[in-house]
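S.K.:
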Amino acid sequence: MTEHRTTCPYCGVGCGVVVRADGSVAGDPAHPANRGRLCSKGAALAETLDDRDRLTTPLVQGEPASWDAALDLVAARFREAIATHGPDSVAFYLSGQFLTEDYYVANKLMKGFIGSANIDTNSRLCMASSVAGHIRAFGEDVVPGVYEDFEDADLVVLVGSNTAWCHPVLHQRLLAARAAHGTKIVVLDPRRTATAEGADLHIPLAPDTDVALFNGLLAYLAAHGAVDHAWVDRHATGLEATLAAAGATAARVMAGEGRPSTTCDAARGETVDGRHTAGHDTGAGGATGATDDPAASPAPAPPAIDTIAAICGVDPEVLETFYAWFAGTERVLTVYSQGVNQSASGTDKVNAIVNCHLATGRIGRPGMGPFSVTGQPNAMGGREVGGLANQLAAHMRFDDPDDRAALAGFWGVEALPARPGLKAVELFEAVREGRIKALWIAATNPADSLPRAALVREALAACPFVVVADCWPTDTTDRAHVVLPAAGWSEKDGTVTNSERRISRQRPFRAPPGEARPDWWMLAELGRRLGWTEAFAWSGPAAIFREHAALSGHANHGRRVFDISALATLDDAGWDALAPVRWPLPAGAASEGGRLFAQGGFPTRDGRARLVPTPWSGQAERPHPARARRPFLLNTGRLRDQWHTMTRTGAVPRLMTHTTEPRLALHPGDAAALGLETGFLARVETEAATTLLRVELRHGQRRSEAFAPMHWTDRFTSAGPIGQAVHALRDPISGQPALKSTPARISPVPVHLHGLLLRRSAEPLGHGLHWTRMPLDEGQLFRFEALEPLPPGEALRDLAAALLATEEDSEWLELADARRGVLRIAALHDGAVEAALFLARAREALPDPAAVIPMLGAPVPDAARPRLLAGRLYDRTAAEGPRVCACFGVSRDAVRHAIVTHGLRDTAAIGRVLRAGTNCGSCIPELEEILRDVRIPAA
Ligand code: SF4
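Start counting the sequence shown at 1; every next residue gets the next number (this note's numbering).
#1: Are there any heavy atoms of the ligand SF4 lying less than 8 Å away from the beta-carbon of LYS111, as far as the coordinates show?
#2: Put MET396 into one of helix, strand or coil per three-state DSSP.
#3: Which of helix, strand or coil does DSSP assign to CYS264?
#4: Name the one or two DSSP bridge partners that SER372 has.
#5: Ignoring anything shorter than 4 residues, give me the alpha helix (DSSP H) runs that lie fully in the stretch 377-455, in order along the chain.
#6: With 16 other CB atoms within 10 Å as the buried threshold, where does ARG501 fall?
#7: Return the chain-ordered ranges of every alpha helix (DSSP H) run that is complete within the stretch 676-720 and spans a minimum of 4 residues.
#8: Using only the alpha-carbon positions, how far apart do ASN556 and LEU697 sit?
#9: Are any of the Cβ atoms in chain D nearer than 9 Å to that of ASP233?
#10: So does CYS312 have its beta carbon nearer than 8 Å to some heavy atom of the ligand SF4?
#11: Output the distance between the C-alpha atoms of PRO859 and VAL131, rounded to the nearest integer angstrom.
#12: Just curious, the alpha helix (DSSP H) that PHE326 is in, first and last residue?
#13: When the Cβ atoms of the stretch 368-380 are set against those of the stretch 404-424, are three or more pairs found closer than 8 Å?
#14: Do three or more CB pairs link the stretch 418-425 to the stretch 49-61 at distances below 8 Å?
#15: With respect to 8 Å, is the separation between the Cβ of HIS897 and the closest non-hydrogen atom of the ligand SF4 below this value?
#16: Does the beta-carbon of VAL652, which I'm using as the reference point, lie nearer than 8 Å to any heavy atom of the ligand SF4?
#17: Tell me which residue opens and which closes the alpha helix (DSSP H) that PRO512 is part of.
#18: Use the C-beta contact count for SER116: other C-beta atoms within 10 angstroms, 16 or more gives buried, fewer gives exposed.
#19: Grouping DSSP H, G and I as helix and E and B as strand, with all else coil, what is TYR93?
#20: Give the straight-line distance between the Cα atoms of GLY723 and ASP493, rounded to the nearest whole angstrom.
#21: Relative to the C-alpha of GLY333, which candidate in CYS312, ILE305, GLY364 has its C-alpha closest?
#22: Work out the CA separation of VAL895 and VAL142 for me, nearest whole Å.
#23: What are the partner residues of LYS111, as DSSP defines its beta bridges?
#24: Distance check for GLY139 and SER297, CA to CA, integer angstroms please.
#25: Please classify GLY27 as buried or exposed, where buried requires at least 16 neighbouring CB atoms within 10 angstroms.
#26: With DSSP as the reference, identify every bridge partner of ARG365, one or two as the case may be.
#27: Given GLU929, which residues of its chain have a CB within under 6 Å of its CB, disregarding the five upstream and five downstream residues?
#28: Do you know offhand how far LEU460's Cα is from THR474's?
#29: From the DSSP secondary-structure annotation, give me the bridge partner or partners of VAL156.
#30: First and last residue of the alpha helix (DSSP H) that includes LEU358?
#31: Find the nearest neighbour of THR604 within the set ALA309, GLY558, ASP152, judged by alpha-carbon distance.
#32: Please name the residue, chosen from LEU213, CYS471, ILE114, ASP208, that lies closest to THR56 on a Cα-to-Cα basis.
#33: Taking the beta strand (DSSP E) that ARG517 belongs to, which residues open and close that run?
#34: Please state if the CB of SER337 and the CB of VAL211 are separated by a distance shorter than 9 Å.
#35: Does the distance from the CB of LEU158 to the CB of ALA219 come in under 9 Å?
#36: On the CB-based measure, 16 or more other CB atoms within 10 Å of its CB, does VAL74 come out buried or exposed?
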């Protein structure tokens, strides 16, 4: 194999990856997104290429089948459902892991030929609110900025965005810029995250008060002369109404009036149904008749900062500092992601942010603008082809008859569906209610990741026909009638688009295992089997891309910013060699697209942007009907080294060492009030489900709030996914679920026995135990608790034998201490530890998990047998705790020790001594946190 250039499949940063001849991976120095860097997940990509657990053959009712048999059956069931119940009785649920070509084929098939818009994607959970906010403000779903803005800005505001963990390479670019020229960083986040730890200012605002905070900022900007009326007059509308809403709502809410009644879409100006006719980059679009005359209509008095601070639950001085920095800094970039989007008011949050940039004219110039960063690698590509149920391909719109006619003409069909389809949560509600008769799910795991996952599982069980295409078995494939083996990251050929509109090639560098095939191929096969032979007869992904590129220019004439028609004439070799390139790229473009909208030219009928009034609803202040019984707000989100439902990263042992199991983060004060301590098991009850999580104390949690990671599934814990406990609340405009604010009750769980189990098998433990599993190089580490008393004597030994699951001729070494309630068993086979079990009545009597891991598979000389279970192989000095640096396996304890003993004062010094932080750099924010924590003794 020669060297290959491809793109990381994880997050929306879209880093270029070089796969070397020896199979190792490195950051691509030539890729503009990362310039050679990779984070811990990207750096571990080579370790995900183990095909042992892959799906390699089609399965029908669990039995291997040929592709022809499987696809014929799928086509027959879809045809039957459509004929009997109409096109809206079938649906696709897809993924931001799809390549653009996969997405294009799926969307063309469902919306163009089947005649339904029931195609949605897990990107609905990620950035649908940003899409809706962009369309309301700009007329089209467009990110105006570019990554260089992270370096050009003087002030970067990160809202609901833990970039240090979730977009690490972009965060490193920001930290490098700060080191070079002192960029100020402000973080708005209820949690003191790794990103917040390193910020100049952290504003721990109460959940879902962002709209109030940015309304307050807008009013402050107006009151302090920071509104650029000349720019607004030329390029935007709605300032007056938006200022009125911003200035008035907080005061009204504080006066007890609650949510203003003018919340209909039209009143908020969100029906942006027009388009300008000039090119977006000409700066010529836009009527000159200003409607917002500041002299005629002075802005209402802004609400007092104290009022906003009280609403947001933050220090007024801190808030005023932020407002003053924002007002006084021309180059200000506001970056936002899931903390903004995953909310019942996500779309309003986006527009409240965008309003501040439009009002100041700080958009589209170096270092300034609103910047939505996407969670998934190809969320943007999915948006380009209409992968969401409420979008059409190439940024065309359902509410525009001209768009629908143009798209139908391009595809050669009579008509397109007249209205949007079902969005993710409502799609699975329709499945559960029996309205969907045939469902195709691909590259996503809704049985774990969607809110109220138990109901999703019910829906899958009730659906007459479920097809799931994926690379690995998941909790969703387990519930499918037909499972189709999909090609994975290393085998797929196509393109992805990152958060700055940059299209990159994802190139295959090895063959799919067994009979696995790319998603575009499967969907095209379905289209052909349903009778549309010509329309789905591409020779390969390059041909699909050309059609997608040509469509972007079709009937466009500058009406839509998304235009890559310059790429429509690439031949196969040209497409294969395509270097990363940013749109827009209309036919004849001399260079790639850059920043947008500095000179207006918005894709609306009058060429002007819309400031959208976002009256704050006051929901955070009103007593929530569920809060009395469920006084906590449960927030869910990502960890640094895991990805989605862990199908890839969960199989890489070194990525498990940073966080070894799902934990519930609680403020120490809350934990103490509940009788909980670090390591205790807590019960989390919501209206949707009850789950169990081990507690960790975090001073960075706000009181009455808890955080749990989104990644763990049935395959890794008996408690199942946290998604099952998340409520069904969603943004009324975008349909995006509010994944960060589920009311919950938290209580301690009595535990009768604590246990650790080392063994080869990953099979679930059963026996009524609560357990979590951590994959190791040599096997598995289970950590478990007995919630009921265990049987004594022989029955306990029987249970131990069942858990150890050893060979029949294994030899057991045992150590029992009845007084302390301790039992330890090591099973030896061929002179090495085959499995080991540690049981203890008290949690403190268990060895440190990190210290026992090396036992598995270790040879045990006769002389060492007496010491094996006596505790000397796993005492405190052997335990090193969680790994901070995944690349070099450096633990938190080792970093603390080195700081003290060597007098280390910065991360570079830690890197010189321990190498931590010198490869991917993902751990640097945590190294800085440890540096702040550890006091170096005076010399
Ligand atoms: Fe991949 Fe990390 Fe880059 Fe995201 S930041 S694309 S996860 S290497």
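Cβ atoms here follow ideal geometry from the backbone N, Cα and C, with glycine treated the same way.
M.R.: Taking the definition as stated:
#1: no
#2: Coil, per DSSP.
#3: With a pLDDT of only 29 at CYS264, under 50, the local geometry of the prediction cannot be trusted, and no value is derived from it.
#4: Per the DSSP secondary-structure output, SER372 pairs in a beta bridge with TYR336.
#5: Runs of the alpha helix (DSSP H) lying entirely within the stretch 377-455 and spanning at least 4 residues, in chain order: 379-384, 401-411, 424-432, 446-449.
#6: buried
#7: none
#8: Computed Cα separation, rounded: 55 Å.
#9: Note that chain D does not occur in the displayed structure, where there is just one protein chain.
#10: no
#11: 57 Å
#12: 316-328
#13: No: the two stretches stay apart, fewer than three of their Cβ pairs being nearer than 8 Å.
#14: no
#15: Not one heavy atom of the ligand SF4 is found less than 8 Å from the C-beta of HIS897.
#16: The answer is no for VAL652.
#17: PRO512 -> no alpha helix (DSSP H), and no H or E assigned at all.
#18: Counting other Cβ atoms within 10 Å of its Cβ, SER116 reaches 16 or more and is therefore classed as buried.
#19: Reduced to three states, the DSSP call for TYR93 is strand.
#20: 32 Å
#21: The question names Gly, yet the displayed sequence has Leu at residue 333. It is GLY364.
#22: 43 Å
#23: Looking at the DSSP assignment, LYS111 forms no beta bridge with any residue, so it has no partner.
#24: Its pLDDT being 46, under 50, SER297 is placed unreliably in this model, and the value from its coordinates should be taken loosely. Straight-line Cα distance between these residues: approximately 26 Å.
#25: buried
#26: ARG365 is bridged by DSSP to nothing; it lacks a bridge partner.
#27: GLU197
#28: 13 Å
#29: ILE185, LEU333
#30: 346-360
#31: GLY558
#32: Checking every option, the nearest Cα to that of THR56 belongs to CYS471.
#33: Taken as a continuous stretch (DSSP letters only), ARG517 belongs to no beta strand (DSSP E), as it is neither H nor E.
#34: no
#35: no
#36: buried
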